[in-house]
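One structure is given here, and the rest of the page talks about it.
There are 2 protein chains.
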Amino acid sequence: MQHPQHPVAAPRTDTRMRVQKVALELFAEQGYEKTSLREIAERLGVTKAALYYHFKSKEDIVHSLTDDHNARIDELIEWAKGQPADERTRSEILDRYVRIVFDGAEVFRFMEQNRAAMQAMEQGKGDRLARFRDRLDALVGLLAGPDAPLRERVRATAALISASATCMIGWDSHEDPAELRAIALEIAAELVG
Amino acid sequence: MQHPQHPVAAPRTDTRMRVQKVALELFAEQGYEKTSLREIAERLGVTKAALYYHFKSKEDIVHSLTDDHNARIDELIEWAKGQPADERTRSEILDRYVRIVFDGAEVFRFMEQNRAAMQAMEQGKGDRLARFRDRLDALVGLLAGPDAPLRERVRATAALISASATCMIGWDSHEDPAELRAIALEIAAELVG
DNA sequence: GTCTATAGACGGATAGAC
DNA sequence: GTCTATCCGTCTATAGAC
Numbered sequence: 076m077q078h079p080q081h082p083v084a085a086p087r088t089d090t091r092m093r094v095q096k097v098a099l100e101l102f103a104e105q106g107y108e109k110t111s112l113r114e115i116a117e118r119l120g121v122t123k124a125a126l127y128y129h130f131k132s133k134e135d136i137v138h139s140l141t142d143d144h145n146a147r148i149d150e151l152i153e154w155a156k157g158q159p160a161d162e163r164t165r166s167e168i169l170d171r172y173v174r175i176v177f178d179g180a181e182v183f184r185f186m187e188q189n190r191a192a193m194q195a196m197e198q199g200k201g202d203r204l205a206r207f208r209d210r211l212d213a214l215v216g217l218l219a220g221p222d223a224p225l226r227e228r229v230r231a232t233a234a235l236i237s238a239s240a241t242c243m244i245g246w247d248s249h250e251d252p253a254e255l256r257a258i259a260l261e262i263a264a265e266l267v268g
Numbered sequence: 076m077q078h079p080q081h082p083v084a085a086p087r088t089d090t091r092m093r094v095q096k097v098a099l100e101l102f103a104e105q106g107y108e109k110t111s112l113r114e115i116a117e118r119l120g121v122t123k124a125a126l127y128y129h130f131k132s133k134e135d136i137v138h139s140l141t142d143d144h145n146a147r148i149d150e151l152i153e154w155a156k157g158q159p160a161d162e163r164t165r166s167e168i169l170d171r172y173v174r175i176v177f178d179g180a181e182v183f184r185f186m187e188q189n190r191a192a193m194q195a196m197e198q199g200k201g202d203r204l205a206r207f208r209d210r211l212d213a214l215v216g217l218l219a220g221p222d223a224p225l226r227e228r229v230r231a232t233a234a235l236i237s238a239s240a241t242c243m244i245g246w247d248s249h250e251d252p253a254e255l256r257a258i259a260l261e262i263a264a265e266l267v268g
C-alpha cells in the first residue's frame, strides 16, 4: 500500500509562491532595479541559486507576477471588440477594468512605480499587446471610438488613469475598499459619459 | 585694449547644460537605473570623469533637473495656504498647477516613469516636502479641505493625477499643446468643482 | 575642463555536489 | 530542491596627469 499523494519530508512545495510574495514586497519597497536576488534570497532564508531553480531569471519573477493581470486586461479588450459601441458597453468596460485593477492592486502599483523597468522589459516583444501603452490605447479606442476628437480621447485616458490610480494608491489603511472602488468607478463614468 | 568677454579657445561653457539634456533623454529612453554615466558620456563625446567635474554624483544630475520644478510646486502650496479656501482659490491652484506640469512636461514624465528610483532618493530627507507624496497630500488638502470626506479627497487626487498625466503623456506630436492644457484644466476643474 | 587608469564593490547567472 | 563556489560583466567614484 502506498501514499502517492505526499512524498516524505514535506519538501516545502510552496517556495515558489513565497519567492513571489517576498519579491513583490521588496520591489515595492525599494524598486525593481535596486532589489537584488541576493536580498530576496536572504529575506527568504535561502540562497540565490535556489531562486534559479524556480525562476529562470530576475525578469521571469516579474512575469510570474504580472502575466495573469495583463491577460485579464487583454481578455477585456477582446471581449469589448465584439460588443456594440454603446453606452451600455462602455460602462461595462469601466466596471470590469476597475475590478481587474482593484483585484491586483499591489501588482499594478508595482508596475506603475517601476514603469521604466517594465518598458525596458517590453522592448522587442512586437507581437500582440505586449506594451502597456498598447493596452491603454486599445481601451481608449473602445471607450471613445476609434476616430474620436482629441477631447474625448483625453477624457477616456484620464478616466482609465484616475480609476486605476484610485484603486492602487495607498490610502489610509482603514478606508473602506468597497467605497474606494465605487468612487473610482463613478469618476471614470463621469469622464467618459 | 582687451576683450574681457570671451576667453580664447571658447571652452565649451555650456557642457553642464548639454549633460542635463542628454541625461534626460537617456533617462527617458531606458530609465534612470539602466542608464550609466558611461552611456551619457559617450553620447556626449566626453568621458565619465568629465561628468564628475560638473556634477558630484549621478543623483546630483537628477536633482539639477528636478529641483526647480519641485520648488515651483512648493511655492504654489505656500501661496495657497495664505489664500481663502474658496472656489476662486481652488481654480487658481489648478490653473497654476497645470501650468507648472505643462512647462516641465519632460522632467515630470521622467519622474513619473522612474517613481521607484525617485522614492529611493527621497529616503531620509525628513525636512520639508521632500517626498512626492507629501506634495500631493498637501495639494489635496488645499483643494478638498483638510477634513473632507473620502469622496472629495479621492476626487481631488484624481484631478491632480489626470491633469498631470494629460500634460505629460506622449500624444500624437501634431496635437495642439494649448488645447491639451485646456482640456487638462477642464477635467481637473470638473473633478473638484 | 577633460583625460587615462583603476579602485572597489556588487550585480546576474551557472556548475556541480549533495 | 537547496547548497557552495565562482565566473564575468558593469557600475559609481576617485586619483592624478595634462
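Protein chains in written order, with the numbering used here: chain A, 76 to 268; chain V, 76 to 268.
Backbone N, C-alpha and C define an ideal beta-carbon position, used for all residues, glycine too.
1) So, helix, strand or coil for V97(V), using DSSP?
2) Alpha carbon to alpha carbon, how far is V173(V) from L260(V)?
3) Check the Cβ-Cβ distances between I262(V) and every residue of chain A, and say whether any is below 7 Å.
4) Which residues of the segment 90 to 122 of chain V have a Cβ closer than 7 Å to any Cβ of chain A? Give them in chain order.
5) Is the CB of S132(A) under 7 Å away from at least one CB in chain V?
6) Since I believe V215(A) is in contact with R228(A) (beta carbons under 8 Å), could you give me their beta-carbon distance rounded to a whole number of angstroms?
7) Look up K131(A) in the DSSP assignment and say whether it is helix, strand or coil.
8) Nearest CA to the CA of A195(A): which residue from F102(A), F177(A) and E108(A)?
9) Please list the residues of the segment 176 to 196 of chain A that have a C-beta atom closer than 8 Å to any C-beta atom in chain V, keeping them in chain order.
10) Taking I258(V) as the query, report the chain A residues whose CB atoms sit under 8 Å from its CB, ordered along the chain.
11) Go ahead and pull the three-state DSSP assignment for I148(V).
12) What is the DSSP secondary structure of K109(V), counted as helix, strand or coil?
13) What do you reckon, are the CB atoms on A234(V) and V267(V) nearer than 7 Å?
14) Would I236(V) pass as an interface residue toward chain A - the criterion being a Cβ-Cβ separation below 7 Å?
15) For the candidate residues I168(V), F207(V) and V176(V), whose alpha-carbon lies nearest to that of L255(V)?
16) For M193(V), count the other beta carbons within 10 Å of its own beta carbon; 16 or more makes it buried, fewer makes it exposed. Which is it?
17) Taking the alpha carbon of R206(V) as the point to measure from, which residue in S239(V), E162(V), T141(V) and E117(V) has its own alpha carbon closest?
18) So which of L119(A), C242(A) and A253(A) has the shortest CA-CA distance to V96(A)?
19) Report buried or exposed for A257(V), applying the criterion of at least 16 other Cβ atoms within 10 angstroms of its Cβ.
20) Helix or strand or just coil, what does DSSP make of R206(V)?
21) Using a Cβ-Cβ distance under 7 Å, would T241(A) count as near chain V?
22) Report yes if the C-beta distance between R210(V) and I136(V) is below 7 Å; otherwise report no.
23) Looking only at its own chain, which residues have a Cβ that is under 7 Å from the Cβ of A186(A), when we skip the five neighbours before and after it?
24) How would you label M76(V), buried or exposed, when you count the other beta carbons within 10 angstroms and need 16 or more for buried?
25) Is the Cβ of A155(V) closer than 7 Å to any Cβ of chain A?
26) Quick check on A233(A) - is its C-beta less than 7 Å from some C-beta in chain V?
27) Could you tell me how far apart the beta carbons of R190(V) and Q188(A) are, in whole angstroms, since I believe they sit closer than 8 Å?
28) Alpha carbon to alpha carbon, what distance is there between G220(A) and E167(V)?
29) Under the rule that 16 or more other beta-carbon atoms within 10 Å means buried, what is G157(V), buried or exposed?
30) Compare the Cα-Cα distances from L217(V) to each of S248(V), F130(V), S111(V) and L169(V) and report the closest residue.
31) Once the 5 residues before and after L151(A) are set aside, which same chain residues still bring their CB inside 6 Å of it?
32) Rounding to the nearest angstrom, what Cα-Cα distance links I54(A) and T241(V) in this structure?
33) Leaving out five residues on either side along the sequence, give the residues of the same chain with a beta carbon under 8 Å from the beta carbon of R230(V).
34) Look at the Cβ atom of A263(A), then the Cβ atom of A238(A), and state whether they are nearer than 7 Å.
35) Just to confirm my understanding: we take R93(A), look at its own chain, exclude 5 residues before and 5 after, and list those with CB closer than 7 Å. What are they?
For this structure:
1) helix
2) 7 Å
3) yes
4) Q105, G106, Y107, E108 and K109
5) no
6) 6 Å
7) coil
8) E108(A)
9) E187, Q188, N189, R190, A191, A192, Q194 and A195
10) L225, R226, V229 and R230
11) helix
12) coil
13) yes
14) yes
15) V176(V)
16) buried
17) T141(V)
18) The identity of residue 96(A) in the sequence shown is Lys, whereas the question assumes Val. Minimum Cα distance to K96(A) is reached at L119(A).
19) exposed
20) coil
21) yes
22) no
23) What sits at residue 186(A) in the sequence shown is Met, not Ala. Excluding residues within five positions, the ones whose Cβ falls inside 7 Å are T141 and M193.
24) Note that M76(V) scores a pLDDT of 43, beneath 50, so its modelled location is shaky; the value from the coordinates is reported in the next line. So M76(V) ends up on the exposed side.
25) no
26) yes
27) 5 Å
28) 33 Å
29) exposed
30) L169(V)
31) R171
32) Here chain A has residues from 76 to 268 only, and residue 54(A) is not among them.
33) A219, L266 and V267
34) yes
35) L119
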